[in-house]
Every structure is written in C-alpha cells, then in structure tokens.
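All remarks here apply to the structure that follows.
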Amino acid sequence: MRRVAAALALAGCASAPAPSPAEPTPEEDPEVAVALRLTEAPANPEGVPTTEAALVLIFDEGRRQFRSLGRLAGVCTHEPGEGALLQVRCWWAGAGTLLRLVRDGDTLLVTRVELDEMTGAGPPRTLDRVALPPHASLRPIGP
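Residue 423 in this note's numbering is what sits at position 17 of the sequence shown, and the numbering runs on without skipping anything.
Here's what the structure looks like:
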C-alpha cells in the first residue's frame with residue numbers, strides 16, 4: 407500500500423507543470439552621484455582668497471568625471487538653495503558669486519550668478535551643461 411501511495415505521489419509530481427521562468431525585471435535606472443567640490447587656492451594679487459570649484463559626477467560603474475568650474479574670488483561655502491540640487495556661495499568684501507546645480511530633464515546645468523551688496527544679483531549665466539544617462543536618478547553629495 408505504501409508503494410502505491412508513493413508511486414501515485416511521484417506520478418503526481420512528475421505530471422506537474424514545469425515552473426514558468428521568472429518574469430524579467432526591468433533594469434534599474436542608473437544612479438549618478440553629483441557634488442560641487444571646493445578646493446582652497448592661493449590668494450589673488452590683491453590678497454583676496456580664491457577657491458577652485460569643480461563639478462564631480464560619479465557613475466554606477468565607478469567612473470568619475472571632474473569638470474572645472476574655474477577659480478572663484480572669496481571664501482566659498484555650500485548652502486541650501488531653493489530649487490537647486492546643490493548651491494555654493496562665494497563672498498568677499500561686499501561681492502561674490504553663486505553657483506547652482508539644477509536638473510533639466512536628462513541634463514545637469516551649472517549656473518553662475520554675480521552678487522553685489524549694492525546692486526544685488528546679476529542674471530544667471532550657464533557655466534556647464536552635462537548630459538545624464540536617460541532616466542538617471544541623482545544623489546547630491548554635500549556637507
């Protein structure tokens with residue numbers, strides 16, 4: 407009797423449909439880490455401190471891209487910026503510069519605005535434009 411039950415059980419298992427292959431999972435959107443890197447530079451001839459600024463991108467596969475944004479006069483610090491992924495303000499003796507990193511679709515834009523305590527902010531000027539992988543998610547890195 408046990409042999410018959412075992413044989414029926416095995417026959418039932420043998421006739422069970424093969425499991426279907428797993429549903430393909432969509433690829434995850436690539437992630438790109440972004441940072442505005444500030445490096446102290448020598449003072450200019452007038453004695454004003456300067457800072458070298460760069461946009462840094464780190465891609466999923468570990469590749470890094472550094473894009474110089476130039477030397478900025480003044481002491482530079484990261485600060486929150488409404489509508490910006492990252493923002494840096496450089497200031498010295500009543501004047502300065504604002505760098506903003508914003509996303510526009512699959513493009514990163516770095517803009518520069520000149521600041522003056524007497525006249526206010528000038529118009530934004532695009533310093534750099536970087537194409538992102540399609541549908542990339544961004545991870546801002548800042549202090």
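Ideal Cβ positions, reconstructed from N, Cα and C, are used throughout, including at glycine.
Asked                                                                                   : Found
Own chain, CB closer than 6 Å to Thr517, minus 5 neighbours either side, in chain order : Arg506, Pro530, Thr532
Extent of the continuous beta strand (DSSP E) run through Val462                        : 456-465
Burial state of Ala542, where buried means 16 or more other Cβ atoms lie within 10 Å    : buried
The beta strand (DSSP E) enclosing Gly476, as first and last residue numbers            : 470-479
Through-space distance from Arg470 to Cys496, alpha-carbon basis                        : 25 Å
CB contact flag (Leu521, Thr503, <8 Å)                                                  : yes
Own chain, CB closer than 7 Å to Glu458, minus 5 neighbours either side, in chain order : Thr445, Ala447, Arg477
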